[in-house]
Amino acid sequence: MTRVKRGTCARQRRKKLLHLNRSYSGVHSRLFRQAKQQRFKALTSSFVNRKKFQRETRGLWIQRIQCGLKSNLVYFKQNEEVNSLKYNMFIHNLKKKNILFNRKILAQMVLLDPKTFSQLLNYIRNGTS
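Taking the numbering used here, the leading residue of the sequence shown gets -13, the next gets one more, and so forth.
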């Protein structure tokens, strides 16, 4: 069998990876073996952090909706006590009334259009617009 020299192919592959790692510090941007390991670790971290960002953003939307519920002072009677509408009951009533808003839209509604949000709350509470 003839000997295969991989000079150009291997060099191109290494050069491409080192080019991707230009912004890393130390040997992670200069030596191929460390650069390869660092690139793998960076890609893993980016996947994990994307999921973490989505989780935190959803929590932020929920907090904004809760603040909107508290600021509108919508009340409902339960056992002769007046309580403010809670987030879980709000989402439950939305689904029961078949209103298909996601949390992102509701959070934007609280920030940008509070009047519409209060109308939505009145519709959920009374069943009228």
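Even for Gly, the Cβ is constructed at its ideal location relative to N, Cα and C.
Query, Result
"Pairwise C-alpha distance: Ser32 and Lys158", "As shown, the chain starts at -13 and ends at 115. That puts residue 158 outside it, with no answer to give."
"Assumed close pair Arg19, Leu3 - CB separation to whole angstroms, cut-off 8 Å", "Not quite, the Cβ-Cβ distance comes to about 10 Å (not below 8 Å), so this is no contact."
"Integer-rounded CB distance, given that Asn58 should sit under 8 Å from Leu107", "6 Å"
"Within 8 Å, strictly: CB atoms of Ile110 and Leu80", "yes"
"Chain-order list of residues whose beta-carbon lies under 7 Å from that of Phe87 (same chain, five-residue window excluded)", "Leu80"
"Three-state secondary structure (DSSP) of Arg(-8)", "coil"
"Own chain partners of Arg44 with C-beta closer than 8 Å, once the 5 adjacent residues on each side are dropped", "Arg89"
"Start and end residues, alpha helix (DSSP H) containing Gly12", "Here Gly12 belongs to no alpha helix (DSSP H), and DSSP marks it neither H nor E."
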